[in-house]
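These protein sequences, in sequence, are chains X and H. Taking my numbering, the leading residue of the first sequence gets 602, the next gets one more, and so forth. Taking my numbering, the leading residue of the second sequence gets 602, the next gets one more, and so forth. All remarks here apply to the structure that follows.
There are 2 protein chains.
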Amino acid sequence: DYVVEESWRWAMAFFIGLSMGFCAFCVDVSLETLNSWKFGAVKRVIRERGGFWAPYVTFLSFCIVYSGVSGAIVSFIAPLAAGSGIPEIKTYLNGVHVKGLLGLRTLVFKLIGVVLSMAGGLIAGKEGPFIHAGGIVGGGWAGMGSMTLTELAKGRLQFRAPRKYGGYFRRQQEHRDFVSIGTAAGVSTAFAAPVGGLLLAIEEGSSFLSLGLFWRGFLATCTGVFTLHFLAQCHANFTGILSQKFGIWRDLGLYDDNLALYGKRYYYYVWELPVFVLMGCAAGLLGSLFIKLNIAATKMRARFVPPRKPWLRLLEVVVVAWVIATVFFLITYTSPCLKLPPPNQLKYFELGGSDQDIFSGVDDTDARGLKHFPRLWCGKDEFNPRGQLFFTPLVQAMRMIIHLGETVPEATDELVYRISAATLILWTVTVFFLMLLTFGIGAASGIFIPSLAVGGAWGRLVGMLVQACVRHAGSSMPISLPAYTVVGAAAMLGGVTRMTISITVLAMEGTAALQLIVPLMFAVFVAKMVGDSLAPSVYDVHIKIRGAPVLSGQEPRQRMVNDKLTVSELATTALVALPPIVLIRQLAETMRSCRHAAFPVTPDTKAAYQSDTAFALHGVIMRTQLLRMLKHRIGIIERLSPPTSNLDFLVSQEERLDLLGQLEQLPLKVRTEEQEGILQGLTNAELAMWLDLRPYMQRTPFVVQGNASLARAYRLFRTMGLHHLFVGTPKPQVIGVITRKVMSCSPQCSWHTAHMSFPLT
Amino acid sequence: DYVVEESWRWAMAFFIGLSMGFCAFCVDVSLETLNSWKFGAVKRVIRERGGFWAPYVTFLSFCIVYSGVSGAIVSFIAPLAAGSGIPEIKTYLNGVHVKGLLGLRTLVFKLIGVVLSMAGGLIAGKEGPFIHAGGIVGGGWAGMGSMTLTELAKGRLQFRAPRKYGGYFRRQQEHRDFVSIGTAAGVSTAFAAPVGGLLLAIEEGSSFLSLGLFWRGFLATCTGVFTLHFLAQCHANFTGILSQKFGIWRDLGLYDDNLALYGKRYYYYVWELPVFVLMGCAAGLLGSLFIKLNIAATKMRARFVPPRKPWLRLLEVVVVAWVIATVFFLITYTSPCLKLPPPNQLKYFELGGSDQDIFSGVDDTDARGLKHFPRLWCGKDEFNPRGQLFFTPLVQAMRMIIHLGETVPEATDELVYRISAATLILWTVTVFFLMLLTFGIGAASGIFIPSLAVGGAWGRLVGMLVQACVRHAGSSMPISLPAYTVVGAAAMLGGVTRMTISITVLAMEGTAALQLIVPLMFAVFVAKMVGDSLAPSVYDVHIKIRGAPVLSGQEPRQRMVNDKLTVSELATTALVALPPIVLIRQLAETMRSCRHAAFPVTPDTKAAYQSDTAFALHGVIMRTQLLRMLKHRIGIIERLSPPTSNLDFLVSQEERLDLLGQLEQLPLKVRTEEQEGILQGLTNAELAMWLDLRPYMQRTPFVVQGNASLARAYRLFRTMGLHHLFVGTPKPQVIGVITRKVMSCSPQCSWHTAHMSFPLT
């Protein structure tokens, strides 16, 4: 059975990857379609040196309709689909569940919502929502069932596979592991970066990492990325799939790897490292500024646009979409026109695969059919330079900032066409403030791509400045502007989210900047250090605002306190205990009289109520477990006199596991809100019966001695994912010891002889 | 104080990286020097179409002298410098210490030894030894001192920084963390791969991963790689350091990134994935074959060349070096001569940096000065094709197999000169068997590079076969042979070492094959699966042979057993306990009468001796701690009557920490072997005194209730790094509970109100 279970674990990881790859593909295709409708329609009404209003109205309608639907989904259908979902997932992985967070309904509307938000021009990325979506997919596979579907079917159909078909992993701990794998798969498919995604799940998610989880996570991320690439290439050219080269696409790449000359474009000099460190500082400052402003905005929002007023929230989304669309459109419209690069260069600039071609539908209106040099209102041999960034999807603009010109073989500075400093400054300022406006509104949206886009732009500006200084000093040393762009982008993301390793690796995988790992690392680390000293990360801020009890990594100050305090100083001694066999009437009263989530089980309930008396802990039982037992009439003993004498175990271990298994297969979890209904449903005869808790309680809850330091308790909570930790007497009664030597024996080896040698080592 | 400690932690990580970067640089330079002496001398005596003996004797003398010194170091000076050191480090990180493993002496001789082994032509790599070296460096920085130096100074000088200057991390747990960071830095600098090195430390090393460790490890690996690159570039061209491009070197690259066209060279088709999976199978089989043969060889070796006969061990090394040198030399000598590629192509082939130029000293004897096409005995426009692989260092041969020809811009199959299938077959077979001969002899040697070299060769052969099939089918589809080479190399390494993610990422970083992450992952995973079903990993085999009590990941079968057994079934109940204040004479007797490493402290020692009676556990004290107290006369109470009444705590928490701190600052750890000397040194008057254990014992040892499952105990052992786990009564006495909500409160928040609400969630 264990071998089968283990195989299921691996299969689950594979399926999670497969599902997320499929989701990512669907999102990409839908987004491409929606974008090509939008930009295609606008381009069709643009005339050379033509008017403003017709294109503007077309553009605006698309933006507002897309964003409006996205906002309506959050306001009226699935409130949990708002924002990025990372704070919620972090909270969940830390051990605190939010109802409905991992429902299929949330998944579907989150994905639809994020496509619409992005297509609607909001300053949003898909990465955060994909982390959330991945968590849902992971949780769904682990549970092998869906409460949403079961509820839709009104209980007539059970969407819940039995244990035989993989329903092994419904215990909270394991469920969490799969959610964690899912988040890894989610972010990997969003960025097409298997290693970075895995590291992100480690860095943000799991507080306890087992090697099995690490391996399965990697299987999931690689499967996900491969599935995505496979589907995308089938979509692009199904018949030629066998002769298409795989593995040559970067998610943040403008050209495929076979065309781009990454190795030639990325490098740094040793004297540039201090510059990169300063960029890290700047990113930390900017990120903290963003977070501070965001806190203020969130407070305003809570006051003026509370979630309980859905129409107001929707209105906010529409207004924001209107502002963004207008700003971007105006900037594009007022742009000067520039001459196109000479044809021999242009041919290199325009190399690239078809699936990034967002103007694919509009070749008829623009005979040139250029991708990277939009014509718009300009003349025949001209292009609109601001339109390169502002009249294109956000992620494509970021790719342009990093990569445009990579395929030009002669890479001297003078030859390569470059985005001008003025455009970059305009881009940095507008996108920074519009990102602030967007983050937190009632629509699905992530912050990764916007941060990268802002950071990349100012990073490139720094590079241009450095280049100017070098030129001014009379040197002709080539400076790698793409390197500055990538470092700036990663540092900015680090300043906002405060992740480090995962960002470094994501940036490296996404842009193929293998050469920049050291500068990336230093910049991102410094951004985190500077940022952390000014404000917590954007996710921690939102977790804190919601007040979820999350155990994050400890600050030094807190660790000191924890080392000095003992657990008994913090323990609650006013416990409500239950006897192992309890009269149902009494149980119902107890459950109504307090709101505790867990009840210790002991025959000596009086001692438990007294705060200064120790009692023997036989086990612990959760309130939800009790409700399930009462609802399904499980474990009820009919004889009316309490079995006084033998309070020890009646059933064997196997029978007990069997009973627990039965209970687990019962449909639908019970929620504490249903309590009153279930208690009301008990008949008088039943109230006079007894409930036998012994086979169902958790018999060995974690106990720590009262004089242990709080730091130890903290560590147990985090590594074991506990909700309750019982506090024992300071000097526990012990009868023996287990040594490492005994533990490291395999079952075949002579345990009984191992007993004899208490090892000296 | 905590803030200072935290800063030291980061500083330590930085210093570890710095030191390892420096070590790696020294090793590289020494190796280059020794190799250029060897190959230079041999080339000087080679004449066109000339004789065999003069070059052979020259070559042989160098090989035998180099290897002989390496063998002598292990046999006579530092036995722990033998082999790769990975099994030992794994054992240490798992919680079992081997004496002298982390000494400075071992570090120095290990590094010298590995340079000599590699220069002597043994089939060995530096990666394993670097992991060991990194562990030593990490441990040394954490302890801020060296026992080796202190011993050398015969106690006159203390090579041990006080707490003020960073001596914070001498507790076993933290020491282990830094050793773990050190291994990451070691492997990163060996491969110049910061991410892969970090992942390797996670995958192989730590059983408990904290986020802080993860970050510090990354800082260490990046610093290490940067230091190495910086020193190497300073060494190559010190005056031009400011204008040299950084970050463009791959450790397994033949050309720098600015020249190589990696993006063009690596790709795969979807139908090739099954081929890669089959290659994974083959690698798993071959790896297991290697391990099985190695087990047999190890047994033979233990019988005929035991470590206690150093001269015999040295002889073995010399014989092995002789065999390898002869085989390689014969193969080179008997090689046919081939025409050089046409000059226009040759110029691309010969592009490349200077620091890989192992023939740099010999331009005068070979006017052509070609690096990749050795002339040797051949004519003017010819080269020796087998010499390309067999007459060059192992790692350079591997680079040739993967990369030769990458810089040729027109990448059709016909243009690119390729190493012939016959040479590759010869290489695979000879290196496989010679690697078997080398691994396990008494010289420092690693198995990474040999495995990669073998796997790369047969991987390329598979690629050529696939190419032939495709051509046979009439298609002209280009096949990426470098992709097959890299996948084969990684899979073979996976088959031998059974690591997965780290190998995938190391291969990716080392060869810049960003495009191949999915095929690499599948091949390495399959290699692990197939291999694991046939034999344990080469490291686990050696750990098992040595019988160290290591808690590795559990197999399903064992997990099942652990779930069913309870801890009390395995616990040793025959404990030897000490009273809190013990008569020294009685203590000495107790310490002599048993070999236990730890003693529970309880006033009720009689109950402890009885196997069925529980007793109150006041604390636990280690034998080494007792010996230290006795040696330095600490904690001795002179009054002759035992303090009968108050067994509770006499000193406050702060005083206690102060006392412990004093004890910790005392020089030199005490070893259990010194016990008799210390006990003899006690005077009769002292024997009649009392020792107060209370301030020095560990007061809150881990206790688990007797009816908990063995699986729980296992988990505690692994995550908390325990050596002893006390087993309590099945139903522990508890007085209260701590909830997650309380734990997640920061100290500023109202803990006392949090007490009141036992949360419902």
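Glycine included, each C-beta is placed from N, C-alpha and C at the ideal position.
Neighbour-count burial assignment, residue i, 16 or more Cβ in a 10 Å radius
i: H/MET1093; result: buried
i: H/PRO1010; result: exposed
i: H/ARG1319; result: buried
i: H/GLN774; result: exposed
i: H/LYS910; result: exposed
i: H/PHE930; result: buried
i: H/TRP872; result: exposed
i: X/ASN1285; result: exposed
Boundaries of the alpha helix (DSSP H) in which residue i is found, first to last residue
i: H/LEU1311; result: 1311-1321
i: H/TRP978; result: H/TRP978 -> no alpha helix (DSSP H), and no H or E assigned at all.
i: H/MET1298; result: Counting along the chain, H/MET1298 falls outside any alpha helix (DSSP H), and DSSP gives it neither H nor E.
i: X/SER936; result: X/SER936 -> no alpha helix (DSSP H), and no H or E assigned at all.
i: H/MET1100; result: First-last for H/MET1100: undefined, no H or E at that position.
i: X/LEU1119; result: Strictly speaking, residue 1119 of chain X in this sequence is Val, with Leu absent from that position. Residues 1118-1135.
Unbroken beta strand (DSSP E) run spanning residue i, endpoints
i: H/PHE1200; result: 1199-1202
i: H/GLN1334; result: 1334-1340
i: X/MET1223; result: 1220-1223
Min CB distance residue i to chain X below 8 Å
i: H/LEU812; result: yes
i: H/SER1194; result: no
i: H/VAL1168; result: yes
i: H/ASP858; result: yes
i: H/SER889; result: no
i: H/GLU1190; result: no
i: H/ILE1146; result: no
Beta-bridge partners of residue i, as assigned by DSSP
i: H/ASP1293; result: H/ILE1182
i: X/GLN1306; result: X/GLY1329
i: X/THR784; result: X/THR784 pairs with nothing; no bridge assigned.
i: X/GLY684; result: X/ALA1045
i: X/GLY641; result: In the DSSP output, where bridge partners are listed per residue, X/GLY641 has none listed.
8 Å Cβ cutoff, residue i in contact with chain H
i: X/PRO587; result: Any question about residue 587 of chain X goes unanswered here, given that chain X covers just 602 to 1362.
i: X/GLY1329; result: yes
i: X/ILE932; result: no
i: X/PRO1333; result: yes
i: X/THR1340; result: yes
i: X/CYS1070; result: no
i: X/VAL796; result: yes
Contacting residues, own chain, Cβ-Cβ under 6 Å from residue i (five flanking each side not counted)
i: H/GLY722; result: CYS664, ILE925 and ALA926
i: X/LEU1135; result: SER889
i: X/ILE687; result: GLY729, ILE732 and TYR1140
i: H/GLY672; result: LEU915, VAL918, GLY1043 and ALA1044
Same chain only: Cβ atoms within 8 Å of residue i, ignoring 5 sequence neighbours per side
i: H/ALA1215; result: ALA1208, GLY1329 and THR1330
i: H/GLU983; result: CYS938, LEU939, LYS940, LEU941 and ARG976
Cβ-heavy atom distance, residue i to the ligand FAD, below 7 Å
i: X/GLY739; result: The ligand FAD is not part of this structure, which contains no ligands at all.
Beta-carbon proximity list for residue i, same chain, < 7 Å, skipping 5 on both sides
i: X/ARG650; result: TRP978
i: H/GLN845; result: GLN834 and ASN838
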